[in-house]
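Student: Sharing a structure here in structure tokens format.
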Amino acid sequence: MDKKKVAILGATGAVGQRFIQLLDKHPWFEITGLAASERNVGKKYKDTKKWRLDTQLPEEIGEYEILPMDPKKIDADLVFSALPADVAGEIETNFAKEGIAVSSNASANRMEKDIPLIIPEVNKEHLYLIDLQKEKRGWEGFIITNPNCSVIGLVVTLKPLMKFCMKEVRVATMQAVSGAGFDGVSSMDILDNVIPYIKNEEEKMETETLKLLGTIDNDGIKPATIKVSASCHRVCVIDGHTESIWVKTDQKIDAEDVKKAFLTFDPQLKDLPSEPKKVIFLHDREDRPQARLDRNIGRGMTVSVGRVRNDFDGIKYIALSHNTIRGAAGASILNGELLVREGYV
């Protein structure tokens with residue numbers, strides 16, 4: 001298979017850098033363009049923002065000239081969007097109108113009725129919305145999105161529990177500072193501290209979860225009917241979102257049944273390059289998962305689960321996911337791979 005040409009929108013930010021890292025030497029994709037805001041257009045990529053990841057900036061990529069976010073000036077079969085939500089909507093739409101597929105990490109279009117919100121292991125059948133979207137909007141291209149970083153770790157673990165007839169989900173998050181971007185939280189605010197508020201985060205968890213677990217309807221997705229309540233906190237960890245999750249079910253379940261469901265969960269996506277060997281890794285030690293020790297399992301694409309316990313009317317457990325890999329750039333790339341496999345790109 002010839003490699004697909006891909007470009008990155010918002011290439012200089014935290015998620016943009018992670019896209020570059022993960023796409024370097026990708027077996028299916030070749031980076032042909034990096035786009036960013038006007039102040040960086042025309043500069044070499046290496047002369048924009050400081051490279052902050054723990055691998056070297058690929059030398060060839062560092063020489064790329066930053067392009068404007070104009071679909072007529074970018075040669076790509078697929079663009080990955082790491083844009084801020086306040087500008088993503090219009091820019092992504094411009095690319096879709098010009099016949100280019102967009103796999104977006106931005107929140108701007110996630111809850112649009114005809115735009116798929118996808119986690120391949122959870123709801124790949126929702127890709128059918130692409131055809132509905134193109135017909136309704138008259139676009140040659142299309143947009144698909146991945147969920148919020150904290151939502152992905154939650155919903156990947158809820159998927160194998162659907163058979164237990166979930167009624168309510170409550171989640172308290174402890175979210176890494178990288179989720180706020182390079183300039184998001186000052187050291188004076190986060191050191192020796194926990195911040196019990198992340199703007200719009202709880203609303204995203206409560207609404208996106210229902211769309212992801214929803215069913216196909218004639219004109220979109222019928223949201224799941226379970227109740228979801230979230231409380232989100234920023235903590236002094238660089239990478240890795242930890243979540244304490246409570247699930248209430250209609251039928252009586254036991255922690256051992258839940259562990260078995262996690263262990264046997266297999267979405268049959270091993271042919272996708274970014275899919276980990278284990279989507280969910282179940283820890284048997286009572287003090288795991290831990291962000292520093294476990295966030296990079298499965299090259300950062302595995303969701304770690306531990307402390308599965310019986311509760312009053314359901315079960316409770318801890319989940320951990322790498323927020324800028326599984327929760328952001330890696331999620332968009334996995335969606336892009338699914339688009340290629342299914343013939344949309």
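Quick note on my numbering: the sequence shown kicks off at 1 and runs consecutively.
We put the beta carbon where it would ideally sit given N, CA and C, even for glycine.
1) Look at the alpha carbon of Lys43 and the alpha carbon of Ile66, and state the distance between them as a whole number of angstroms.
2) Apply the 10 Å Cβ neighbour rule to Cys149 and answer buried if 16 or more other Cβ atoms are within range, or exposed otherwise.
3) How big is the Cα-Cα spacing for Leu34 and Glu337?
4) Which of the three DSSP states, helix, strand or coil, is assigned to Gln175?
5) Beta-carbon separation of Ala329 and Val87 under 8 Å?
6) With which residues is Phe80 paired in a DSSP beta bridge?
7) Relative to the alpha-carbon of Trp139, which residue among Ala96, His322, Ser37 has its alpha-carbon at the smallest distance?
8) Have a look at Lys248 and Lys163 and give me their C-alpha separation to the nearest angstrom.
9) Tell me which residue opens and which closes the beta strand (DSSP E) that Lys222 is part of.
10) Across which residues does DSSP place Gly306 in a beta bridge pair?
11) Which residue comes first and which comes last in the alpha helix (DSSP H) that contains Phe182?
12) Within this structure, are the beta carbons of Phe262 and Val305 separated by less than 8 Å?
13) Should Val169 and Ile226 be called a contact, given that it needs their Cβ atoms to be closer than 8 Å?
14) Under the rule that 16 or more other beta-carbon atoms within 10 Å means buried, what is Thr215, buried or exposed?
15) Would you identify the three-state DSSP class for Phe312, choosing helix, strand or coil?
16) Return the first residue and the last residue of the alpha helix (DSSP H) that Asp257 is part of.
17) Counting only runs of 4+ residues fully inside the stretch 19 to 102, write out the alpha helix (DSSP H) ranges in chain order.
18) Take Trp51 as the anchor and find which of Ile20, Ala255, Val228, Arg234 has the nearest alpha-carbon.
19) How about Ala101 and Ala85: do their beta carbons lie closer than 8 Å?
20) For Leu364, which residues in the same chain have their Cβ closer than 8 Å to its Cβ, ignoring the five residues on either side in sequence?
21) Name the DSSP beta bridge partners of Asp217, please?
22) Can you check which of these residues, Ser104, Gly99, Gln175, is closest to Ile238 by C-alpha distance?
23) Checking the sheet assignment: what are the DSSP bridge partners for Leu212?
24) According to DSSP, Ile245 sits in a beta bridge with which residue or residues?
25) Taking 7 Å as the limit between beta carbons, can you name the residues of its chain near Leu161, skipping five residues before and five after?
Tutor: A quick look at the data gives this:
1) Here the question's residue 43 lines up with position 43 in the sequence shown. Here the question's residue 66 lines up with position 66 in the sequence shown. Going by the C-alpha atoms only, they are around 6 Å apart.
2) Sequence index remark: in the sequence shown, residue 149 carries index 149 (1-based). Under this definition Cys149 is a buried residue.
3) Within the sequence shown, the letter at position 34 stands for residue 34. Within the sequence shown, the letter at position 337 stands for residue 337. Their Cα atoms are separated by approximately 19 Å.
4) As a first step, residue 175 must be located in the sequence shown, where it is residue number 175. Reduced to three states, the DSSP call for Gln175 is strand.
5) As a working note, residue 329 is residue 329 in the sequence shown. As a working note, residue 87 is residue 87 in the sequence shown. For Ala329 and Val87, no; Cβs fall outside 8 Å.
6) On the sequence shown, position 80 is the one that residue 80 refers to. The partner list for Phe80 (beta bridge, DSSP) reads Ile8, Ser103.
7) Your numbering for residue 139 matches position 139 in the sequence shown. The shortest C-alpha separation from Trp139 is found at Ala96.
8) Indexing the sequence shown from 1 puts residue 248 at position 248. Indexing the sequence shown from 1 puts residue 163 at position 163. Lys248 and Lys163: Cα-Cα distance of roughly 13 Å.
9) Position 222 of the sequence shown, counted from the first residue, corresponds to residue 222. Per DSSP, Lys222 belongs to the beta strand (DSSP E) from 220 to 222.
10) Reading the sequence shown from its first residue, position 306 is the one you call residue 306. Looking at the DSSP assignment, Gly306 forms a beta bridge with Ile318.
11) Against the sequence shown, residue 182 aligns to sequence position 182. Looking at the DSSP string, Phe182 is not in any alpha helix (DSSP H), and its letter there is neither H nor E.
12) For the purposes of this step, residue 262 is taken as residue 262 along the sequence shown, with counting starting at 1. For the purposes of this step, residue 305 is taken as residue 305 along the sequence shown, with counting starting at 1. It is a contact, given that the beta carbons lie within the stated cut-off.
13) Within the sequence shown, the letter at position 169 stands for residue 169. Within the sequence shown, the letter at position 226 stands for residue 226. Yes; because the gap between Cβ atoms is below 8 Å, this pair is in contact.
14) Locating residue 215 in the sequence shown gives position 215, counting from the first residue. Looking at its Cβ environment, which holds fewer than 16 other Cβ atoms inside 10 Å, Thr215 is exposed.
15) Looking up residue 312 in the sequence shown gives position 312. Phe312 falls in the coil class under three-state DSSP.
16) Taking the first residue of the sequence shown as position 1, residue 257 is located at position 257. Start and end: 255 to 264.
17) 59 to 62, 85 to 97
18) Position 51 of the sequence shown, counting from 1, holds the residue named residue 51. Minimum Cα distance to Trp51 is reached at Ile20.
19) Within the sequence shown, residue 101 is the residue found at index 101, counting from 1. Within the sequence shown, residue 85 is the residue found at index 85, counting from 1. Not a contact, by the Cβ cut-off of 8 Å.
20) The chain is shown from 1 up to 345; residue 364 falls before or after that span and cannot be answered.
21) For the purposes of this step, residue 217 is taken as the residue at position 217 of the sequence shown. Answer by DSSP bridge pairing, in chain order: Gly220.
22) Here residue 238 refers to the residue found at position 238 when the sequence shown is read from its first residue. If we check each option's Cα against that of Ile238, Gln175 comes out closest.
23) Translated into positions along the sequence shown, residue 212 becomes position 212. Answer by DSSP bridge pairing: none, since Leu212 is not bridged.
24) Within the sequence shown, numbered from 1, the residue matching residue 245 stands at position 245. Answer by DSSP bridge pairing, in chain order: Val171, Tyr317.
25) In the sequence shown, the residue the question calls residue 161 occupies position 161. Counting only Cβ-Cβ distances below 7 Å, and skipping sequence neighbours, we find Val247, Val258, Ala261.
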